[in-house]
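Q: The opening residue of the sequence shown carries number 66 in the numbering used here; numbering runs sequentially from there.
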Amino acid sequence: MAASGKATVVLKAVKKIAIQFCPFESNVRSTREFLTMVGSEKARATNMNCEVISMVKHDKSEPLVDITYLDGDRLVLKGAKLTGGEMLTAFQSVCAAKDLQAKVAAKK
66 MAASGKATVV LKAVKKIAIQ FCPFESNVRS TREFLTMVGS EKARATNMNC
116 EVISMVKHDK SEPLVDITYL DGDRLVLKGA KLTGGEMLTA FQSVCAAKDL
166 QAKVAAKK
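Written as structure tokens, this is what we have:
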């Protein structure tokens with residue numbers, strides 16, 4: 066979980082984060098790390114209206130993170146093939162682009 070100490074998670078552009086995983090599978094570590102990062106009090110304080118939902122299943126399902134942004138766009142991350150750092154980087158790059166779009170739209 067080295068990525069959580071370095072990066073600040075900002076949920077300003079996010080409406081909902083749904084995280085699902087089967088805890089008994091061996092490939093859920095990165096998904097659990099991502100849940101820890103976005104579920105922290107510090108991250109949640111950046112957008113109190115953002116829903117963070119964790120669904121723990123016992124059906125050998127693939128670990129999945131489904132992010133819905135305020136503008137309706139979605140980002141789906143499949144945790145079985147990604148590290149926690151890769152998931153966080155993808156999430157933050159989309160959030161940064163959404164913030165930039167919002168700033169440009171506000172100037173017009």
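Every residue, glycine too, gets a C-beta built ideally from N, C-alpha and C.
#1: Taking only runs of the alpha helix (DSSP H) that begin and end inside the segment 97-143, which ones reach a length of at least 4 residues, in chain order?
#2: Are there 16 or more other CB atoms within 10 angstroms of the CB of residue 149, so buried, or fewer, so exposed?
#3: Between the alpha carbons of residue 95 and residue 155, how many angstroms are there, rounded?
#4: In this structure, how does DSSP classify residue 89 when only helix, strand and coil are distinguished?
#5: The alpha helix (DSSP H) spanning residue 153 covers which residue range?
#6: Is the Cβ-Cβ distance between residue 120 and residue 84 less than 8 Å?
#7: Taking just the CA atoms, how far does residue 125 sit from residue 100?
#8: When burial is assigned at 16 or more other CB atoms within 10 Å of the CB, is residue 110 buried or exposed?
#9: Let me check one thing: in DSSP terms, what residues is residue 77 bridge-paired to?
#10: Using a 10 Å radius around the Cβ and a threshold of 16 neighbouring Cβ atoms, would you call residue 86 buried or exposed?
A: This is what the structure holds:
#1: Fully enclosed alpha helix (DSSP H) runs of 4 or longer: 106-109.
#2: Counted from its first residue, the sequence shown places residue 149 at position 84. Its Cβ being crowded by 16 or more others within 10 Å, residue 149 is buried.
#3: Counting from 1 along the sequence shown, the entry for residue 95 is found at position 30. Counting from 1 along the sequence shown, the entry for residue 155 is found at position 90. Across the structure, residue 95 and residue 155 are spaced so that their CA atoms are roughly 13 Å apart.
#4: As a position in the sequence shown, residue 89 is number 24, starting the count at 1. Here residue 89 carries a coil assignment [DSSP, helix/strand/coil].
#5: Mapped onto the sequence shown, residue 153 falls at position 88. Here the alpha helix (DSSP H) through residue 153 covers 149-172.
#6: Translated into the one-based positions of the sequence shown, residue 120 becomes position 55. Translated into the one-based positions of the sequence shown, residue 84 becomes position 19. It is a contact, given that the beta carbons lie within the stated cut-off.
#7: Along the sequence shown, read from residue 1 onward, the residue named residue 100 stands at position 35. Along the sequence shown, read from residue 1 onward, the residue named residue 125 stands at position 60. Residue 100 and residue 125: Cα-Cα distance of roughly 18 Å.
#8: In the sequence shown, counting from the first residue as 1, residue 110 sits at position 45. It counts as exposed.
#9: Mapped onto the sequence shown, residue 77 falls at position 12. Beta-bridge pairing links residue 77 to no other residue.
#10: Sequence index remark: in the sequence shown, residue 86 carries index 21 (1-based). When all chains shown are included, residue 86 counts as buried.
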